[in-house]
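Asker:
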Amino acid sequence: MAQLQLRSVEKTYGNGFKAVHGINLDVKEGEFMVLVGPSGCAKSTTLRMIAGLETITGGEIRIGDQVVNDLVPGKRGIAMVFQNYALYPHMKVRRNLSFGLKLKRIPKDKIEEATQEVSSILEIEQLLERLPKQLSGGQAQRVALGRALIKHPEVFLFDEPLSNLDAKLRASMRVRITDLHKRLRNEGRPATVVYVTHDQVEAMTMGDRICVMKDGHIMQVDDPATLYERPANDFVAGFIGMPEMNLVPCALSRNGGLPVLSAGSQQITVGDGLADRLKAEDGKVTLGIRPQHLSVVPAGTDGAFNGTITNLEFMGHEVNLHADVDGAAFVAVVPSEDFDNNLKRGDKVGLRPDGRRIHIFDAASGANISLS
Amino acid sequence: MAMLSDISPKGRGDRRPPTQIELKLRRKARVSATIRYGLLTLIGLLMVYPLIWLIGASFKTNAEMFTSPSFWPNEPTVQGYIDGWKTSTPYTFGKFFLNSLWIIIPKVIGTAISCTLVAYGFARFEFPFKKFLFASVIATLLLPNVVTRIPQYLLFRDIGWLDSFLPLWVPSAMAGDAFFVFMIVQFLRAIPRDMEEAARVDGATTLQTLVYIVVPMLTPALISVCLFQFMWTMNDFLGPLIYVSSVEKYPVSLALKLSIDTTEAFAWNQILAMSVLALAPSLTVFFLAQKYFIEGISAGGVKG
Ligand SMILES: Nc1ncnc2c1ncn2[C@@H]1O[C@H](COP(=O)(O)OP(=O)(O)OP(=O)(O)O)[C@@H](O)[C@H]1O
Ligand SMILES: [Mg+2]
Chain B
326 MAQLQLRSVE KTYGNGFKAV HGINLDVKEG EFMVLVGPSG CAKSTTLRMI
376 AGLETITGGE IRIGDQVVND LVPGKRGIAM VFQNYALYPH MKVRRNLSFG
426 LKLKRIPKDK IEEATQEVSS ILEIEQLLER LPKQLSGGQA QRVALGRALI
476 KHPEVFLFDE PLSNLDAKLR ASMRVRITDL HKRLRNEGRP ATVVYVTHDQ
526 VEAMTMGDRI CVMKDGHIMQ VDDPATLYER PANDFVAGFI GMPEMNLVPC
576 ALSRNGGLPV LSAGSQQITV GDGLADRLKA EDGKVTLGIR PQHLSVVPAG
626 TDGAFNGTIT NLEFMGHEVN LHADVDGAAF VAVVPSEDFD NNLKRGDKVG
676 LRPDGRRIHI FDAASGANIS LS
Chain S
32 MAMLSDISPK GRGDRRPPTQ IELKLRRKAR VSATIRYGLL TLIGLLMVYP
82 LIWLIGASFK TNAEMFTSPS FWPNEPTVQG YIDGWKTSTP YTFGKFFLNS
132 LWIIIPKVIG TAISCTLVAY GFARFEFPFK KFLFASVIAT LLLPNVVTRI
182 PQYLLFRDIG WLDSFLPLWV PSAMAGDAFF VFMIVQFLRA IPRDMEEAAR
232 VDGATTLQTL VYIVVPMLTP ALISVCLFQF MWTMNDFLGP LIYVSSVEKY
282 PVSLALKLSI DTTEAFAWNQ ILAMSVLALA PSLTVFFLAQ KYFIEGISAG
332 GVKG
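Taken in sequence, the protein lines are chains B and S.
Residues 326 to 697 in my numbering are what the first sequence spells out, letter by letter.
Residues 32 to 335 in my numbering are what the second sequence spells out, letter by letter.
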């Protein structure tokens, strides 16, 4: 019942800055939706508009069947977890948890019951009588999570909840939150989640679907695998994946039906069915190829760009090879066992893109024109 | 002191006798400390001397008052307190203390509530002409008091509030003390809004957010506001002088002046004795709340 819909939602701040440009987003009931994007792309603004902490200057937001544009946050059936926890500093953990229920005049015994349940799920029973300043970051974040959970909201909103934690704790909290989401789903009270992060590991591991944003626009909404394999444009392609996808300006032409890509003075002809996928005339394009899909071959090999190694990073199980191809920087990731240990900085190598994995983006619009 | 312990090794088993240089350094540190503390004590004494003299003199007889310069009374007597308390009016000094309290308590409560409301509005909400309005509030801070005295007096006379405490209460209860509004606004600006937003998401109304979340976080600032208002009102002379005319409503500050007026040969010992009593409440309250007071005026000291 609690799907969330954004319809042409806009936000212009008081100073005239337009932060959100008419976005449309559907979050299904029980879905874990992650909003990602670089800093300043209006993730928080969007989330705060859903919460009602920020007014909407255009469009419509629906939670369930209700338009909530003019509802106060407390009436929207949402709960929010803030980046800085935002626990009430003068209240013990127990009161922090129960504050919302008390305001709703829920009977005492019910509140007590709910507090017990939530604190046992989050393992914060022994912290109930402490003040927020007596908690560690991880504990505080669990309490903040409990404060959201106890209300049984229709929609959970998270704004970078893990970014203040160290890497190890972040990983364990990540698992805890996804487990919790699954658990609620199995208990038959699925929780719709909107989760803001700028960390793509969080996005890829937690989200049922991911919404990639840029400058107040939505770039693509898809499940993690699709986002990775079929990016809609060069921005999404560059944003998702580690190390970043190589994006190189090229000229596209044909040679007997086969596409030919020219970067600088070099040309490669790509077979492997790229021609069938391409939906474009010849002209200026951007070649996109993930570092994992570039193979390192001897210089001069057919279908490979020739470059000079500028740097080698040994990561243990794999090697990141940085190369310069006529002024364009390429990165290739090679599994350690396939790597030729004689290669060193300054050597000439060939870099052959896997034709089945090549993406071609329109140079002007950035749209992916190689999706089958 | 820190230097001393830095120089001499503190090891338990280290019984090595101090070397010549160490001894010299230690002596130097001790001398310099003595000079510093001596100087501080001297200046401190100089500053509180009038107060010490006041207390000492209040136990002197009227005859001794100006004959001996020492603050220590030759024949200590509490006659000044006894006579002073009786006053030359039909009322005892107790009555005047009650009057003072009766002015102060509503005024302090009114100030705390009204200034919090106004400051919260300025610090957290957007409304038309906010900048202009806030600027005018601050401008009243810079306005000399005397400028408004006469129009204010005429206003209160026309409403018919003269010789009552209303002219003293009402302006404060309507956030008339811009300084306090400013102080709370500054304090609020340093507190992140997250907690209030969390409360709104939890379903609190604006007023509930203010009462349950903001006010507790404001406590140190509010305590200083109350303290300031308490002390200023206790010491306020001009306000009551202008608006309160019947002796039975006089606060302590006016009553002190009264004893100077009516006695031909000034009974200085009585005046001083009552002055000491008049100082007592402010001093007591200050020392009791010193900790919060300092916390409050060094604003922004809220740990997240
Ligand atoms: N109160 C405001 N007034 C004017 N502009 C604002 C305001 N709040 C945010 N902005 C602007 O709106 C844009 C989006 O901000 P927002 O906080 O939503 O970004 P974000 O995606 O959450 O970034 P981050 O990852 O750094 O948290 C930014 O360019 C920011 O400068
Ligand atoms: Mg943000």
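Virtual Cβ for every residue (Gly too), placed ideally from N, Cα, C.
In this text the structure is predicted, and so the values were computed from the model without any measurement.
Give every residue of the same chain whose Cβ lies closer than 6 Å to the Cβ of threonine 337/B, excluding the five residues on either side of it in the sequence, and list them in chain order.
Answerer: Excluding positions up to five away in sequence, the list reads Lys343, Thr382.
Asker: Inspect the beta-carbon positions of leucine 676/B and alanine 648/B and report whether they are closer than 9 Å.
Answerer: Taking 9 Å as the Cβ cut-off, leucine 676/B and alanine 648/B qualify as a contacting pair.
Asker: For ligand 2, is there a heavy atom less than 8 Å away from the beta-carbon of aspartate 484/B?
Answerer: Yes, the beta carbon of aspartate 484/B sits closer than 8 Å to at least one heavy atom of ligand 2.
Asker: Counting only C-beta atoms, is aspartate 208/S closer than 9 Å to chain B at any point?
Answerer: No, no contact with chain B.
Asker: Please work out which residues of its chain come closer than 6 Å, Cβ to Cβ, to leucine 552/B, disregarding the five sequence neighbours upstream and downstream, and give them in chain order.
Answerer: Contacts found: Ile535, Ile565.
Asker: Tell me whether histidine 642/B is buried or exposed, calling it buried when 16 or more other Cβ atoms sit within 10 Å of its Cβ.
Answerer: Per the 10 Å Cβ criterion, exposed.
Asker: Measuring straight from C-alpha to C-alpha, what distance separates isoleucine 83/S and serine 101/S?
Answerer: About 10 Å.
Asker: Which partner residues does proline 49/S have in the DSSP bridge list?
Answerer: None; proline 49/S has no bridge partner.
Asker: With DSSP as the reference, label aspartate 208/S as helix, strand or coil.
Answerer: If DSSP states are grouped into helix, strand and coil, aspartate 208/S belongs with coil.
Asker: Give me the chain B residues within the contact set of valine 178/S, using Cβ-Cβ distance strictly less than 9 Å, ordered along the chain.
Answerer: Here the premise fails: no neighbours, minimum Cβ distance about 36 Å.
Asker: For the region 407-438 of chain B, which residues have a beta carbon sitting closer than 7 Å to at least one beta carbon of chain S?
Answerer: Taking 7 Å as the Cβ-Cβ cut-off against chain S, the residues of the region 407-438 of chain B that qualify are Phe407, Asn409, Ala411, Tyr413, Pro414, His415, Phe424, Gly425, Leu428, Lys429.
Asker: Since proline 584/B sits in a beta bridge, which residues does DSSP pair it with?
Answerer: In the DSSP output, where bridge partners are listed per residue, proline 584/B has Arg579/B.
Asker: Closer than 8 Å: is that where the CB of lysine 368/B sits relative to any heavy atom of ligand 2?
Answerer: Yes.
Asker: Say the cut is 8 Å; is the CB of valine 521/B nearer than that to a heavy atom of ligand 2?
Answerer: Indeed, a heavy atom of ligand 2 lies less than 8 Å from the Cβ.
Asker: Flag this pair as touching only if the region 571-589 of chain B and the region 598-607 of chain B have three or more C-beta atom pairs under 8 Å; answer yes or no.
Answerer: As far as the Cβ criterion goes, the region 571-589 of chain B touches the region 598-607 of chain B, which means the pair count is three or higher.
Asker: Taking all protein chains shown into account, do 16 or more other C-beta atoms lie within 10 angstroms of the C-beta of leucine 35/S, making it buried, or fewer, making it exposed?
Answerer: Here leucine 35/S scores only 45 on pLDDT, less than 50, and its place in the model should not be relied on; the value that follows carries that caveat. Counting Cβ neighbours within 10 Å, leucine 35/S comes out exposed, since fewer than 16 surround it.
Asker: Drop a sphere of 10 angstroms on the beta-carbon of arginine 231/S, count the other beta-carbons inside from all chains shown, and report buried for 16 or more, exposed for fewer.
Answerer: Arginine 231/S comes out buried.
Asker: Tell whether a beta-carbon distance below 9 Å holds between leucine 487/B and glutamine 466/B.
Answerer: The answer is yes: Cβ separation under 9 Å.
Asker: Regarding threonine 382/B and ligand 1, is the C-beta to nearest heavy atom distance less than 8 Å?
Answerer: Checking every heavy atom of ligand 1 against the Cβ of threonine 382/B, none is found closer than 8 Å.
Asker: Using only the heavy atoms of ligand 1, determine whether one of them is closer than 8 Å to the beta carbon of asparagine 340/B.
Answerer: Asparagine 340/B: yes, Cβ under 8 Å from ligand 1.
Asker: Using a Cβ-Cβ cut-off of 9 Å, state whether proline 398/B counts as contacting chain S.
Answerer: Closer than 9 Å: yes.
Asker: Would you kindly check if the distance between the Cβ of arginine 419/B and the Cβ of glutamate 454/B is under 9 Å?
Answerer: Yes. Within cutoff.
Asker: If you count every other CB in all the chains shown that lies within 10 Å of the CB of glutamate 227/S, and 16 or more means buried, which is it?
Answerer: That one is buried.
Asker: With respect to the beta strand (DSSP E) encompassing glycine 613/B, which residues constitute its N-terminal and C-terminal limits?
Answerer: Element bounds for glycine 613/B: 608-614.
Asker: Quick one: does the C-beta of methionine 544/B sit closer than 8 Å to a heavy atom of ligand 1?
Answerer: Every heavy atom of ligand 1 is 8 Å or more from the Cβ of methionine 544/B, so no.
Asker: In whole angstroms, what separates the C-alpha of proline 282/S from that of phenylalanine 196/S?
Answerer: Distance between the alpha carbons of proline 282/S and phenylalanine 196/S: 10 Å.
Asker: Beta carbon of proline 363/B: closer than 8 Å to some heavy atom of ligand 1?
Answerer: Checking every heavy atom of ligand 1 against the Cβ of proline 363/B, one is found closer than 8 Å.
Asker: At what residues does the beta strand (DSSP E) containing alanine 748/B begin and finish?
Answerer: Given that chain B is displayed from residue 326 to residue 697, the structure contains no residue 748/B and the question cannot be resolved.
Asker: Which of the three DSSP states, helix, strand or coil, is assigned to histidine 642/B?
Answerer: Coil, per DSSP.
Asker: For a contact defined as C-beta to C-beta under 7 Å, what are the partners of isoleucine 244/S on chain B?
Answerer: What isoleucine 244/S touches in chain B: Tyr413.
Asker: Going by beta-carbon coordinates alone, are alanine 562/B and proline 568/B separated by less than 9 Å?
Answerer: No, they are not a contact pair.
Asker: Could you name the residues of chain B that valine 109/S contacts, counting a contact when the two beta carbons are closer than 9 Å?
Answerer: Ordered by position in chain B, no residue passes the 9 Å Cβ test against valine 109/S, which lies about 46 Å from the chain.
Asker: Mapping the DSSP letters down to three states, classify tyrosine 410/B as helix, strand or coil.
Answerer: Coil at tyrosine 410/B, not helix or strand.
Asker: Taking 8 Å as the limit between beta carbons, can you name the residues of its chain near glycine 691/B, skipping five residues before and five after?
Answerer: Contacts found: Asn558, Asp559, Phe560, Thr611.
Asker: Note down, in chain order, each residue of its chain lying with its Cβ closer than 7 Å to the Cβ of threonine 123/S, except the 5 sequence neighbours on either side.
Answerer: Closer than 7 Å at the Cβ level, and outside the excluded window around threonine 123/S, lie Trp116, Lys117.
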